[in-house]
Amino acid sequence: MLNGIHFLLTYTCNYSCDHCFLYCSPNSKGTFTFAQIKEVLEEAKKIKTVESIYFEGGEPFLYYPIMIEGLKLASNMGFKTGIVTNSYWATSVEDALIWLKPFSDLAISDFSVSDDTFHFGDEETNLAKNAREAANMLKLSSSSISIDEPTVEEGIVKEHEQGTPVIKGGAMFRGRAVETLIKGLPKKPWRSLNRCPYEDLEGLGRVHLDPFGNVHICQGLSIGNFFEIPLSELIEKYDAHSHPICGPLIREGPVGLVNEYSLKHDAEYVDECHFCYLLRLNLLDKFPQYLTPKQVYGIE
Ligand code: SF4
Ligand code: SF4
Numbered sequence: 007m008l009n010g011i012h013f014l015l016t017y018t019c020n021y022s023c024d025h026c027f028l029y030c031s032p033n034s035k036g037t038f039t040f041a042q043i044k045e046v047l048e049e050a051k052k053i054k055t056v057e058s059i060y061f062e063g064g065e066p067f068l069y070y071p072i073m074i075e076g077l078k079l080a081s082n083m084g085f086k087t088g089i090v091t092n093s094y095w096a097t098s099v100e101d102a103l104i105w106l107k108p109f110s111d112l113a114i115s116d117f118s119v120s121d122d123t124f125h126f127g128d129e130e131t132n133l134a135k136n137a138r139e140a141a142n143m144l145k146l147s148s149s150s151i152s153i154d155e156p157t158v159e160e161g162i163v164k165e166h167e168q169g170t171p172v173i174k175g176g177a178m179f180r181g182r183a184v185e186t187l188i189k190g191l192p193k194k195p196w197r198s199l200n201r202c203p204y205e206d207l208e209g210l211g212r213v214h215l216d217p218f219g220n221v222h223i224c225q226g227l228s229i230g231n232f233f234e235i236p237l238s239e240l241i242e243k244y245d246a247h248s249h250p251i252c253g254p255l256i257r258e259g260p261v262g263l264v265n266e267y268s269l270k271h272d273a274e275y276v277d278e279c280h281f282c283y284l285l286r287l288n289l290l291d292k293f294p295q296y297l298t299p300k301q302v303y304g305i306e
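Be aware that the sequence shown starts at 7, since it is given in my numbering, and climbs by one per residue.
Printed below as a string of structure tokens:
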């Protein structure tokens with residue numbers, strides 16, 4: 007049951023974080039127009055089960071007026087709304103108040119701020135602090151997203167007994183994170199990576215829509231294009247088991263892709279997403295309509 011629609015308002019970002027699973031950077035292309043947002047919201051209304059609309063990116067504040075108008079429209083249509091931002095704009099609490107003032111009239115349900123060492127080197131340059139303080143002053147419901155450099159801790163099976171190493175930090179090993187954060191991390195045998203642990207590939211739950219019309223169920227894994235088929239129809243007709251990538255992933259996780267398409271692979275990977283992402287890279291040309299856009303795989 008589709009509950010949330012997340013607009014990737016733009017792929018452009020003023021940062022190029024190591025952990026970015028969409029490979030965003032100042033050079034990334036693609037931004038929604040207001041007309042496209044309006045069309046999506048009208049379709050979202052037809053779906054009936056959609057309750058919340060998020061604006062994220064890339065960095066949605068780079069297209070501030072369009073984001074505000076999109077939030078207003080979504081709110082007027084009866085949706086709960088949310089934003090995810092890296093808060094680059096919160097250069098002081100006073101200025102952050104100016105940026106956030108319009109949100110207090112919009113009754114935003116969730117204002118999420120990235121607040122970690124990937125975005126801000128240290129506490130002194132931590133602009134998220136200003137954004138959160140301003141949000142609190144305006145009584146916006148805010149939360150933080152913290153992703154840190156991966157570290158390894160020994161898992162404990164029973165007291166005094168060590169188990170499998172656990173990777174801490176919260177990074178997802180997809181997109182640029184596969185290029186930059188994998189080195190030195192413990193790995194697991196490929197056969198054990200036989201489920202998708204994070205996305206509801208069958209029930210959907212939430213999807214991310216990009217400015218090229220792709221409906222992502224996981225970053226770079228599309229269930230169709232809403233420029234070609236109206237969004238409400240696409241969601242209604244989505245059959246996870248016949249989708250060439252989601253089907254095998256539901257059956258056996260990344261191992262399912264190996265079996266289905268006889269793909270070559272290494273002996274071990276950091277986790278399911280690391281394995282899945284690398285297998286998908288090998289399938290890009292076979293399924294260009296489902297594994298898209300290439301820029302989220304680091305290919306210009
Ligand atoms: S993780 Fe967020 S802030 Fe960093 S490059 Fe990606 S979109 Fe930008
Ligand atoms: S296993 Fe694949 S589809 Fe599932 S969350 Fe990881 S990358 Fe996404």
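For glycine and all other residues, C-beta sits at the position ideal for the given N, C-alpha and C.
For clarity, every value in this text was computed on a predicted model and none was experimentally measured.
Quick check: the Cα distance between residue i and residue j, rounded to an integer number of angstroms?
i, j, result
"Leu144", "Gly253", "45 Å"
"Lys86", "Asp272", "44 Å"
"Gly175", "Ala134", "18 Å"
"Thr55", "Leu8", "6 Å"
"Arg257", "Pro236", "28 Å"
"Ser238", "Ile11", "12 Å"
"Cys224", "Tyr17", "15 Å"
"Glu140", "Glu274", "For the record, residue 140 in the displayed sequence is Ala; it is not Glu. Going from the Cα of Ala140 to the Cα of Glu274 covers about 46 Å."
"Thr37", "His222", "16 Å"
"Ser152", "Asp122", "5 Å"
"Pro290", "Gly226", "For the sequence presented, residue 290 should be read as Leu rather than Pro. Approximately 10 Å, taken between the alpha carbons."
"Ala183", "Ser149", "23 Å"
"Val46", "Glu159", "44 Å"
"Lys193", "Pro108", "47 Å"
"Arg286", "Ile89", "29 Å"
"Glu266", "Gly259", "11 Å"
"Leu68", "Ala41", "18 Å"
"Pro32", "Cys19", "5 Å"
"Leu106", "Leu77", "13 Å"
Quick check on the DSSP output: the alpha helix (DSSP H) that includes residue i runs from which residue to which?
i, result
"Ser149", "Taken as a continuous stretch (DSSP letters only), Ser149 belongs to no alpha helix (DSSP H), being part of the beta strand (DSSP E) at Ser148 to Ile151."
"Ile40", "Checking the sequence shown, residue 40 turns out to be Phe, not Ile. Run containing Phe40: Phe40 to Ile53, per the alpha helix (DSSP H) assignment."
"Gly262", "Cys252 to Tyr267"
"Tyr70", "Tyr70 to Asn82"
"Ile136", "What sits at residue 136 in the sequence shown is Asn, not Ile. Leu133 to Met143 is the span of the alpha helix (DSSP H), which, as asked, contains Asn136."
"Ile104", "Val99 to Leu112"
"Phe281", "Glu278 to Leu289"
"Val184", "Arg182 to Thr186"
Let me see if you follow: with CB-CB separation under 8 Å, is residue i close to chain B or not?
i, result
"Tyr267", "Protein chains in the displayed structure number just one, and chain B is not present."
Have a look at the options and flag the residue whose alpha-carbon is nearest the alpha-carbon of residue i.
i, options, result
"Ser81", "Cys282, Lys44, Leu240 and Glu258", "Lys44"
"Leu269", "Val276, Ile251, Phe61 and Asp277", "Ile251"
"His5", "Phe13, Leu146 and Glu185", "In this structure the chain extends from 7 to 306, so residue 5 is not present and cannot be described."
"Val213", "Gly230, Asn136 and Leu199", "Gly230"
"Ser93", "Glu62, Pro71, Gly84 and Leu79", "Glu62"
"Leu284", "Phe233, Leu240, Leu215 and Ile188", "Ile188"
"Val276", "Tyr267, Gly190 and Asp206", "Gly190"
"Arg201", "Ser228, Ala137, Tyr60 and Leu263", "Leu263"
"Pro299", "Phe13, Trp105 and Lys35", "Lys35"
"Glu75", "Asp111, Ala102, Leu103 and Ile53", "Asp111"
Hey, would you say the C-beta of residue i is under 7 Å away from at least one heavy atom of ligand 1?
i, result
"His222", "no"
"Gly64", "yes"
In the DSSP assignment, find the beta strand (DSSP E) that holds residue i and state where it starts and stops.
i, result
"His249", "Careful: His249 lies outside any beta strand (DSSP E) and carries neither H nor E."
"His222", "Asn220 to Cys224"
"Val302", "Note, Val302: premise wrong, no beta strand (DSSP E); not H, not E."
"Gly230", "Leu227 to Asn231"
"Ile89", "Lys86 to Thr91"
Just to check, is the beta-carbon of residue i closer than 7 Å to a non-hydrogen atom of ligand 2?
i, result
"Tyr373", "Because the chain is modelled from 7 through 306, residue 373 falls outside the range shown and cannot be assessed."
"Leu210", "no"
"Pro195", "no"
"Tyr303", "no"
"Leu227", "yes"
"Pro71", "no"
"Pro260", "yes"
"Leu297", "no"
"Leu289", "no"
In terms of DSSP beta bridges, what is residue i paired with?
i, result
"His12", "Tyr60 and His214"
"Ser120", "Ile151"
"Pro195", "Glu274"
"Ser31", "Thr18"
**Report entry** Exercise answer, beta-carbon shell around ligand 4 heavy atoms below 5 Å
**Finding:** For ligand 4, the structure offers nothing, since it holds only ligand 1 and ligand 2.
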